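Input: a single structure, listed below in structure tokens.
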Amino acid sequence: MQNATLLAMAGLFALQSATGAVGQDMKRHAVHLPKHQARLAYTVQTVSVRAGCFPERLRAVLSYIAAKTGRRPVITSGHRPHPRRHGSLHGTCLAADFRMPGLSERTIIAVARSAPGIGGIGSYCNGIIHVDVGPQRRWVDC
Numbered sequence: 745m746q747n748a749t750l751l752a753m754a755g756l757f758a759l760q761s762a763t764g765a766v767g768q769d770m771k772r773h774a775v776h777l778p779k780h781q782a783r784l785a786y787t788v789q790t791v792s793v794r795a796g797c798f799p800e801r802l803r804a805v806l807s808y809i810a811a812k813t814g815r816r817p818v819i820t821s822g823h824r825p826h827p828r829r830h831g832s833l834h835g836t837c838l839a840a841d842f843r844m845p846g847l848s849e850r851t852i853i854a855v856a857r858s859a860p861g862i863g864g865i866g867s868y869c870n871g872i873i874h875v876d877v878g879p880q881r882r883w884v885d886c
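Throughout, this note's numbering is defined as the position within the sequence shown, counted from one, plus 744.
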């Protein structure tokens, strides 16, 4: 039984290592992700973050940011059925808040500004970046 467990763990480790290397190569060289891979361009911080309703335009913005930085945004807030602020684009699933550990806010914002279809870009004191596909606007909330 112990040998079977060790063998299974070794197989999983080898599989994880192999897929990790392929994924890293794709991140370095990809600029545009096919539609079916756009969802892979980001991850969610917790299972309670609602990102499944993101429209293609918002997924394309997040994919662009991922491709240009070589890192996947970690979505901290997506759709909010009852947004705190009236008129928030989170209420209609047109906005995402995210972090990108290891990258400066300045770098992330510079890349986001060049994303096709970008609307609003905001930053918060806690390191969270907001992007949406609404009207173009910029803000810093500190």
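All C-beta atoms, glycine included, are put in the ideal place defined by N, C-alpha and C.
All values reported here derive from a predicted model rather than from experimental measurement.
Which partner residues of residue i appear in the DSSP bridge assignment?
i	result
His874	Asp841 and Gly866
Gly788	Before going on, a small fix: residue 788 reads as Val here, not Gly. Ile819, per the DSSP bridge assignment.
Classify residue i as helix, strand or coil using the three-state DSSP reduction.
i	result
Ser807	helix
Arg882	strand
Val818	strand
Val793	coil
Gly846	coil
Arg829	coil
Gly835	helix
Arg801	helix
What residues in its chain sit with their C-beta under 8 angstroms from that of residue i, if we drop five residues either side in the sequence?
i	result
Ala765	Because the pLDDT of Ala765 is 44, which lies under 50, any placement of that residue in the model is unreliable, and the question is left without a value.
Asp885	Gly866, Ser867, Tyr868 and Cys869
Pro799	Cys837, Leu838 and Val877
Thr851	Thr813
For residue i, which residues in the same chain have their Cβ closer than 7 angstroms to its Cβ, ignoring the five residues on either side in sequence?
i	result
Val788	Ala795 and Ile819
Pro817	Tyr786, Leu806, Ile809, Ala810, Phe842 and Met844
Gly861	Arg801, Ala804, Val805 and Val877
Gly871	Arg843 and Glu849
Arg857	Ile865
Shortest alpha-carbon distance to residue i belongs to which of the options?
i	options	result
Ser792	Thr813, Pro799, Arg824 and Ala859	Arg824
Pro879	Cys869, Gly846 and Leu833	Leu833
Ala840	Trp883, Val875, Arg882 and Cys797	Val875
Gly846	Gly822, Ala859 and Thr813	Thr813
Arg815	Leu838, Val855 and Phe798	Val855
Ile853	Thr836, Cys837 and Ile873	Ile873
With respect to the alpha helix (DSSP H) encompassing residue i, which residues constitute its N-terminal and C-terminal limits?
i	result
Arg857	Glu849 to Arg857
With respect to 7 angstroms, is the separation between the Cβ of residue i and the closest non-hydrogen atom of the ligand SAM below this value?
i	result
Gly878	With respect to the ligand SAM, the structure offers nothing, as it holds no ligand at all.
Apart from the five residues on each side of it in sequence, which residues of its chain come closer than 6 angstroms, Cβ to Cβ, to residue i?
i	result
His830	none
Ser821	Asp841
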